[in-house]
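Peer 1:
Number of protein chains: 4
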Amino acid sequence: MAAKRFYTLSASCPDQIGIIARVAGFIAGHGGWILESSYHADAGDDDDLGSKDTGSGGRYFMRMQVKADSLPFHLAEFRERFRPLAEELSMIWRISDSAVKRRVVILVSTQEHCLYDLLARWQSRELDIEIPCVVSNHDTFKSFVEWHGIPFHHVPVPADNKPAAFAEIARLYDEVRGDTMVLARYMQILPADFCARYSGEIINIHHSFLPSFVGARPYHQAYRRGVKLIGATCHYVTADLDQGPIIEQDVIRIDHSDSIDDMVRYGKDIEKAVLARGLRYHLEDRVLVHANKTVIFR
Amino acid sequence: MAAKRFYTLSASCPDQIGIIARVAGFIAGHGGWILESSYHADAGDDDDLGSKDTGSGGRYFMRMQVKADSLPFHLAEFRERFRPLAEELSMIWRISDSAVKRRVVILVSTQEHCLYDLLARWQSRELDIEIPCVVSNHDTFKSFVEWHGIPFHHVPVPADNKPAAFAEIARLYDEVRGDTMVLARYMQILPADFCARYSGEIINIHHSFLPSFVGARPYHQAYRRGVKLIGATCHYVTADLDQGPIIEQDVIRIDHSDSIDDMVRYGKDIEKAVLARGLRYHLEDRVLVHANKTVIFR
Amino acid sequence: MAAKRFYTLSASCPDQIGIIARVAGFIAGHGGWILESSYHADAGDDDDLGSKDTGSGGRYFMRMQVKADSLPFHLAEFRERFRPLAEELSMIWRISDSAVKRRVVILVSTQEHCLYDLLARWQSRELDIEIPCVVSNHDTFKSFVEWHGIPFHHVPVPADNKPAAFAEIARLYDEVRGDTMVLARYMQILPADFCARYSGEIINIHHSFLPSFVGARPYHQAYRRGVKLIGATCHYVTADLDQGPIIEQDVIRIDHSDSIDDMVRYGKDIEKAVLARGLRYHLEDRVLVHANKTVIFR
Amino acid sequence: MAAKRFYTLSASCPDQIGIIARVAGFIAGHGGWILESSYHADAGDDDDLGSKDTGSGGRYFMRMQVKADSLPFHLAEFRERFRPLAEELSMIWRISDSAVKRRVVILVSTQEHCLYDLLARWQSRELDIEIPCVVSNHDTFKSFVEWHGIPFHHVPVPADNKPAAFAEIARLYDEVRGDTMVLARYMQILPADFCARYSGEIINIHHSFLPSFVGARPYHQAYRRGVKLIGATCHYVTADLDQGPIIEQDVIRIDHSDSIDDMVRYGKDIEKAVLARGLRYHLEDRVLVHANKTVIFR
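Structure follows, in structure tokens:
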């Protein structure tokens, strides 16, 4: 992958005839080589069972990877030249450059599995990102993180002064110019204004198959209900706890012989796999959000 | 399987030292050959994380298949001789005979997939049961069912006289000495007294991964929430809608491109597989219910 | 679905700059509304790990669903007008019409599960196809098939005269103008010339997770090897037994307590689900074959 | 778990009437509290479809966890007292003590994912084991391992002197009194005599769903064959490459858009999950091997 630099254009807009033709035509007109492209039309009516005309109120989603050196200009000019078409189509859009590493700040508490997993993927360049720092409300992983050459910030979150703690986290995140915040089993509820300020940038891993078992101690809830599968959900954080757009989910089979401890253990494996997949989709601009749902161009 | 007749003893009782030794000792004392056996101890405290003594309030579950011709007596005498030990251990227990086919009444509305699936399994003797009749609130499948040589009863369920309809269904079920009732996508809510009367005998397939999406139109609910997996749940019917003990569950992956129609279609495959597995566990006395949960000795 | 008529264009061609722009431009130029579209570029070098220029030897695959009444012409003219562009791009291509039902001939032996499953899907119009006839080397399902109003042909396949039997099957298939042949657990090896004649039209369900356990009695092979999952594979039939392009696969977990009988039973559920999914992909022109592999535009 | 000390008795023997009664009777006779127990009878004939008498050649498997302080003696005496019964039943057996940590030596090359994963589980005591040392044919992970306080041995394996290298590995393993060796993506083929010497103690993770894609570069093989799922297999190492008894397997779905790089990446997630589950089964004496297959008392 590393050797092939590309730009990723991801966008959504009201549906109409000719969108692909115009966007692909724009790219081809400049000699651009499309490496990968995905499109999706959403009829915009969730009671529609597929039989109605999509012309009214539908939304169109797209993602294209264009080989960088096939274009006669650089990123800034690409954006500038694309802007008029994007505006004409009323697009929400972005173009990113595979040569610019995303800057991911990890928040963690005292559970190690997601942190180890993310650092292993970073170490091997499977996740080709910058991790400018790790923030925690505990100092459990200070030396482990620092061994990796990554700064570690211990920001306690006292019950009587959460705003100050999150102001500090915001300051650290802004200071390092983070573009993504990963809650790697960070056991604090984020303030609503914090969620709003970084909307679309904060990714959480919830230890249940949402919408089952919202809130605290989902494995205990699952144990009590006697479910036969447990799961995990990677989602964007919004002010509504555990209600944000779902990016990725998965489950694993359990049975009556599994204790809550066993469920926690099985759950960790699902959590880290689901978080890693969801984070990757996000980092590669494969996730487009609309109406509290996600389109994932896997 | 057919050639090897066996008795199945399934039981639960308060946990104490020596249960297996006494029950297995009883069987061995009569020369009984145990083909298959399973045991489970439940600590009886769902907040217990495995560290406490199980002596207080635990419950013990067991299931044994004993080769019929290895015992020097028949079923009735087996039960008679086992009774004193069962009472001493305060057991809830049953002994069934593999040579006696279970009598399963199927209730269906207008969706064909579970009905076809069950009849195919019955036809091939994969499900080695009697189906004394099929009951429906529609006559859609009358000729299909009758082609199989199975009586079909059309019992409409008018909104203004549900009690009479369910009285008739009870009469039909009792008349054929049914021992299990399968709701194969039967789209009627059963009256509470009906549920109570046939407690532990009625199996439903719900078209969601419970406890997500209780109630009506779960695929519409799932579509709206944007989940990445959909599922189905086979459970015993109780007076609390969709709250009965869960027997079996499974899921299948979907994505943003799947319409509600697609989800319904994928869902059907999960529904029939989950119903068939759950029904088999029930028919083979592999399901023991306790505290609204199931032990499944798969 | 039924209410929305569309044309499906599926094609592959040597990769080059501007393919999407030209094809989507052609559609948009006639006012065509693209309901769904998928594209894939294959670098054409399976040792390539993603880093090489795709310009050399790559192949491009695409599929578009165009709303029929958005175009100012009918199918024949659509094809005629598209042909010059297709030739210029050296495409292998087809355009099909959702209003024309595919004609699927089912071949079956004595196992019922796939047959029941396909007929249930046909009955409910989940599979919106014609089944002009069912052909079998046994007469087991004659009356069941005929009850559905579908002609049934018993064509025995004597060991000493297979060519005549397959000549008769070819005659029946041609007579009804079949376009797809489904081997629904048809337990005969097809002659090489028969496979060649109907290349790309014959779909088989193999009862193992290929390439494991090629050939006869795969569940016995799986039992002996002690695998922990068993599977099924839906693939196109070629002259090389069990070596054709794979369309769909799935697996299910088993354990040491499962006998071969149990594996056969679990396997049936996977077989019918996998066959149904694979067949649907084929019927909706979602499968493009290249170099003994498939692109599936799910 | 930590607070509840128990002994684990695992055993297999020729099948006969009364085994459970005698073993459970022995335990109960000393006041032993059985926390968990599992039994399995194998008919011993893989062509048997369940209908034959199991009396001829069958083998019986069992595993019991007995609460340590419920017995009036310690481990050595438990073994001594159990020995006569074990001999009478011709058992292969062992009794282990949950208070004695297993000593697991990890062998690794240059891929980090399994190593990080195992150390994270060890760190959190999810895997409650000793890791007396890590051995590698490269020095890539020296400082990472040592940071954890675990000795690291760099043992190069020159092509022209493998015997000396493996003699050194054997010496290190024996010196630390290892009881399990984990090949955490250790990219060297072990000499036959080494496999024989530590038979049943060496666990490998193979990066394919065996028996598919034996040998080198399984993801390349899978890519070429066009499979729709890839997997991993945890197995005991024997002198026959990739042919040892399978402990655990799992798969993950891929599609045509996944490059070999993507497959490697997805595969890593399966590999570490499967290895961790398989290793746990082994460490908890849940695996009984017979005839190159495993019974897993999960």
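Protein chains in written order, with our numbering: chain U, 1 to 298; chain A, 1 to 298; chain F, 1 to 298; chain E, 1 to 298.
Glycine included, each C-beta is placed from N, C-alpha and C at the ideal position.
Give me, in chain order, the residues of the same chain whose beta-carbon lies closer than 8 Å to that of A/Arg197; leave out the 5 immediate sequence neighbours on both sides.
Peer 2: If we look at A/Arg197 and ignore the five residues flanking it on each side, its Cβ neighbours are Ala170.
Peer 1: For a cutoff of 8 Å on Cβ pairs, would you count F/Trp33 as touching chain U?
Peer 2: Chain U contact via Cβ: present.
Peer 1: Could you tell me whether the Cβ of F/Glu36 comes closer than 8 Å to any Cβ of chain U?
Peer 2: Yes, because at least one Cβ of chain U sits closer than 8 Å to the Cβ of F/Glu36.
Peer 1: Note down, in chain order, each residue of its chain lying with its Cβ closer than 8 Å to the Cβ of U/Gly31, except the 5 sequence neighbours on either side.
Peer 2: These residues qualify, in order along the chain: Ser70, Leu71 and Pro72.
Peer 1: Could you name the residues of the same chain whose beta carbon sits closer than 7 Å to that of U/Met187, not counting the 5 residues immediately before and after it, in chain order?
Peer 2: Counting only Cβ-Cβ distances below 7 Å, and skipping sequence neighbours, we find Ser109.
Peer 1: DSSP on F/Phe249, reduced to helix/strand/coil?
Peer 2: A small fix is needed here, since residue 249 of chain F is Gln in this sequence, not Phe. DSSP places F/Gln249 in strand when its eight states are reduced to three.
Peer 1: Shorter than 8 Å from the beta carbon of F/Gln111 to some beta carbon of chain E?
Peer 2: So no, F/Gln111 is outside the interface.
Peer 1: Please tell me whether U/Phe370 and U/Val134 are closer than 8 Å, where the distance is taken between their beta carbons.
Peer 2: The requested residue 370 of chain U does not occur in the structure, where chain U is confined to residues 1 to 298.
Peer 1: Say whether the region 138-152 of chain U touches the region 13-29 of chain A, bearing in mind that this needs 3 or more beta-carbon pairs closer than 8 Å, one atom from each stretch.
Peer 2: They do not touch, by the three-pair rule.
Peer 1: Name the chain U residues that come within less than 8 Å of A/Asp255, Cβ to Cβ?
Peer 2: Within 8 Å Cβ-Cβ: Ile296 and Arg298.
Peer 1: Using a Cβ cut-off of 7 Å, which residues of the region 227-261 of chain F contact any Cβ in chain A, in chain order?
Peer 2: Flagged, chain order: Asp261.
Peer 1: Helix, strand or coil: which one does DSSP assign to E/Leu71?
Peer 2: Looking at E/Leu71 - three-state DSSP - the assignment turns out to be coil, as it is neither helix nor strand.
Peer 1: Kindly confirm or deny that the region 93-112 of chain U and the region 122-130 of chain U touch, where touching means at least three C-beta pairs closer than 8 Å.
Peer 2: Yes: the two stretches touch, three or more of their Cβ pairs being nearer than 8 Å.
Peer 1: Using the rule of at least 16 other Cβ atoms within 10 Å of the residue's Cβ for burial, across every protein chain shown, is U/Gly55 buried or exposed?
Peer 2: Note that U/Gly55 has pLDDT 46, beneath the 50 cutoff, so the model's placement of it is unreliable and the number below is only indicative. Under this definition U/Gly55 is an exposed residue.
Peer 1: What separation, rounded to the nearest whole angstrom, lies between the Cα atoms of E/Phe213 and F/Ile189?
Peer 2: Rounded to whole angstroms, E/Phe213 to F/Ile189 spans 25 Å at the Cα level.
Peer 1: Is there contact between the region 154-171 of chain E and the region 205-225 of chain E, where contact requires at least three CB pairs shorter than 8 Å?
Peer 2: In short, these stretches do not touch, since the Cβ pair count stays below three.
Peer 1: Grab the span of the beta strand (DSSP E) containing E/Asp97 for me, first residue to last.
Peer 2: Taken as a continuous stretch (DSSP letters only), the beta strand (DSSP E) holding E/Asp97 covers Ile92 to Asp97.
Peer 1: If you measure beta-carbon to beta-carbon, which residues of the region 188-218 of chain U are closer than 8 Å to chain A?
Peer 2: Going along the region 188-218 of chain U in chain order, one finds Phe209, Leu210, Pro211, Ser212 and Phe213 with a Cβ nearer than 8 Å to chain A.
Peer 1: Along the chain, where does the alpha helix (DSSP H) containing A/Lys268 start, and where does it finish?
Peer 2: Start and end: Ile260 to Leu283.
Peer 1: For a quick check, are the C-beta atoms of E/Ile254 and E/His235 less than 8 Å apart?
Peer 2: The answer is no: Cβ separation not under 8 Å.
Peer 1: Can you tell which of A/Asp174, A/Gly58, A/Lys67 and A/Gly244 has its C-alpha closest to the C-alpha of A/Trp33?
Peer 2: Cα-wise, what sits closest to A/Trp33 is A/Lys67.
Peer 1: Less than 7 Å between C-beta atoms, sequence neighbours within five positions excluded: which residues of the same chain meet that for U/Phe194?
Peer 2: Same-chain partners within the cutoff: Phe166 and Ala170.
Peer 1: Considering only residues of the region 179-225 of chain U, which uninterrupted beta strand (DSSP E) runs meet the minimum length of 3 residues and lie entirely inside it, listed in chain order?
Peer 2: Runs of the beta strand (DSSP E) inside the region 179-225 of chain U: 180-183 and 202-206.
Peer 1: List the endpoints of the continuous alpha helix (DSSP H) containing U/Pro163.
Peer 2: Here the alpha helix (DSSP H) through U/Pro163 covers Lys162 to Glu175.
Peer 1: Closer than 7 Å by C-beta to U/Glu201: which residues in its own chain qualify, once you throw out the five before and the five after it? Chain order, please.
Peer 2: Result list for U/Glu201: Asp179, Thr180 and Met181, in chain order.
Peer 1: Give the range of the beta strand (DSSP E) segment to which E/Ile34 is assigned.
Peer 2: Here the beta strand (DSSP E) through E/Ile34 covers Ile34 to Asp42.
Peer 1: According to DSSP, is A/Lys228 part of a helix, a strand, or is it coil?
Peer 2: Looking at A/Lys228 - three-state DSSP - the assignment turns out to be coil, as it is neither helix nor strand.
Peer 1: Identify the residues that DSSP records as bridge partners of U/His235: which are they?
Peer 2: Note: U/His235 sits in a beta bridge opposite U/Asn204 and U/Ile246.
Peer 1: Which residue from E/Glu112, E/Gly18, E/Ala28 and E/Ser90 puts its Cα closest to that of E/Ala11?
Peer 2: For the residues E/Glu112, E/Gly18, E/Ala28 and E/Ser90, the minimum Cα distance to E/Ala11 belongs to E/Ser90.
Peer 1: Does the distance from the C-beta atom of F/Asp258 to that of F/Gly231 stay below 8 Å?
Peer 2: No, Cβ-Cβ distance for F/Asp258 and F/Gly231 is not below 8 Å.
Peer 1: Tell me, to the nearest whole angstrom, how far the beta carbon of U/Val237 is from that of U/Gly244; I am working on the premise that it is less than 8 Å.
Peer 2: At roughly 5 Å, the Cβ-Cβ gap stays under 8 Å, so U/Val237 and U/Gly244 are in contact.
Peer 1: Return helix, strand or coil for U/Cys114, following the three-state DSSP convention.
Peer 2: Here U/Cys114 sits in helix by DSSP.
Peer 1: Nearest by alpha-carbon distance to U/Gly29: which of U/Pro14, U/Ala76, U/Arg81 and U/Ala41 is it?
Peer 2: Out of U/Pro14, U/Ala76, U/Arg81 and U/Ala41, U/Arg81 has the C-alpha closest to the C-alpha of U/Gly29.
Peer 1: Beta carbons nearer than 8 Å to chain E: which residues of the region 269-295 of chain F have them?
Peer 2: Those would be Asn292, Lys293, Thr294 and Val295, in chain order.
Peer 1: Under 8 Å Cβ-Cβ, which residues of chain F neighbour U/Pro68?
Peer 2: The residue you asked about is not Pro; residue 68 of chain U is Ala in the sequence shown. Under the 8 Å cutoff, chain F gives no residues; its nearest Cβ is about 12 Å from U/Ala68.
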